[in-house]
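Each number in my numbering corresponds to the 1-based position in the sequence shown with 3 added.
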Amino acid sequence: RDGLNDAFSGEHSGWHTEDLVEKYQVTREAQDEWALRSQQRFARAQAAGHFKAQIAAVQVPGKKGPTQFDQDEANRPDTTIEALARLKPAFRPDGAITAGNAPGLNDAGAAMVLADEAWAEKRGLKAAARLVAYGVAAVEPGMFGLGPVPAVRQALQRAGWDIGSIERAEINEAFAAIAIVVARELGFKDEIVNVDGGAVAHGHPIGATGAVLTTKLIHSMRRDGLKRGLVTLCIGGGQGIALAIETLH
4 RDGLNDAFSG EHSGWHTEDL VEKYQVTREA QDEWALRSQQ RFARAQAAGH
54 FKAQIAAVQV PGKKGPTQFD QDEANRPDTT IEALARLKPA FRPDGAITAG
104 NAPGLNDAGA AMVLADEAWA EKRGLKAAAR LVAYGVAAVE PGMFGLGPVP
154 AVRQALQRAG WDIGSIERAE INEAFAAIAI VVARELGFKD EIVNVDGGAV
204 AHGHPIGATG AVLTTKLIHS MRRDGLKRGL VTLCIGGGQG IALAIETLH
């Protein structure tokens, strides 16, 4: 509950996001289409094995012996636009946010090693990427979904980059509507955003999502030979955070 309800109003983050939907006129159809996009892209990436290098397998004991748990299981690759359209609003009777265009809450863990360049070189470690700059900003708490917008602009200013130089972006799909509005407000082209799907498909493990998305971004950029990327999340209470990442080697 602490991670989902606004500390000031006590209302659920989904309830507040309905205000964002209304203000920015994001239709139910647009949200469902984004959700389908997320599911389809994630399914393709998973089938292609793009996530294997990012996942540390875990052995789960069972009656017939241990099972190798080595892939995400929250996604729904068979989702259709018709199935999404049949779902009822989750937070307001007349709302547009449903269980289909919102992420599921699931368990996950993620880890990264963040080190000084000299420290890594001394130990013979090759860096995968460089944190060029970061941004942390705040907006009106009820509009927390907009937090990434000023955070990204701050990170770009600190990095000395312009928005047009970004080759790939991960925007957390706290709700499909948030990803839509943030991408629109920042002027990101559709083809660079959440190329392997997002939280609507793989879930939103609160507390791990930042590391999960950063890992996804770095791996996808290195796979496709890209240099500059951004990862950004909204945060309850009206905040946003963004990282400007540059791949190495």
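Even glycine gets a Cβ: it sits at the ideal position worked out from N, Cα and C. Because the structure is a prediction, the values reported are computed rather than measured.
Taking 7 Å as the cut-off, decide whether the C-beta atoms of residue i and residue j are in contact.
i, j, result
"residue 251", "residue 234", "no"
"residue 57", "residue 222", "yes"
"residue 126", "residue 21", "no"
"residue 10", "residue 240", "yes"
"residue 200", "residue 45", "yes"
"residue 130", "residue 123", "yes"
"residue 205", "residue 75", "yes"
"residue 145", "residue 245", "no"
Within the same chain, show all residues whose beta-carbon is closer than 6 Å to that of residue i, passing over the 5 residues directly before and after it, in chain order.
i, result
"residue 135", "162, 247, 249"
"residue 179", "34, 37, 38, 104, 203"
"residue 8", "15"
"residue 153", "140"
On the CB-based measure, 16 or more other CB atoms within 10 Å of its CB, does residue i come out buried or exposed?
i, result
"residue 128", "exposed"
"residue 217", "buried"
"residue 106", "buried"
"residue 40", "buried"
"residue 187", "exposed"
"residue 183", "buried"
"residue 224", "buried"
"residue 89", "exposed"
"residue 212", "buried"
"residue 85", "exposed"
"residue 1", "In this structure the chain extends from 4 to 252, so residue 1 is not present and cannot be described."
Going by DSSP in three states, residue i sits in which element: helix, strand or coil?
i, result
"residue 48", "helix"
"residue 83", "coil"
"residue 201", "coil"
"residue 171", "strand"
"residue 101", "coil"
"residue 117", "coil"
"residue 74", "coil"
"residue 142", "coil"
"residue 89", "coil"
"residue 254", "Look at the range of the chain in this structure, 4 to 252, and you will see that residue 254 is not part of it."
"residue 239", "coil"
"residue 166", "helix"
"residue 231", "strand"
"residue 134", "strand"
"residue 209", "coil"
Once the 5 residues before and after residue i are set aside, which same chain residues still bring their CB inside 7 Å of it?
i, result
"residue 275", "The structure shown does not extend to residue 275, since the chain spans only 4 to 252, so no value can be given for it."
"residue 77", "107, 109, 205, 206"
Ordered along the chain, which non-local residues of its own chain (more than five positions away) have a Cβ less than 8 Å from that of residue i?
i, result
"residue 99", "21, 24, 29, 30, 31, 34, 92, 180"
"residue 52", "none"
Please determine whether the Cβ atom of residue i lies at a distance below 6 Å from any heavy atom of the ligand GTP.
i, result
"residue 216", "The ligand GTP is not among the ligands present in this structure, which contains no ligands whatsoever."
Checklist entry - Where are the beta strand (DSSP E) runs, 3 residues long or more, that stay fully inside the segment 5–69, in chain order? => result 61–63
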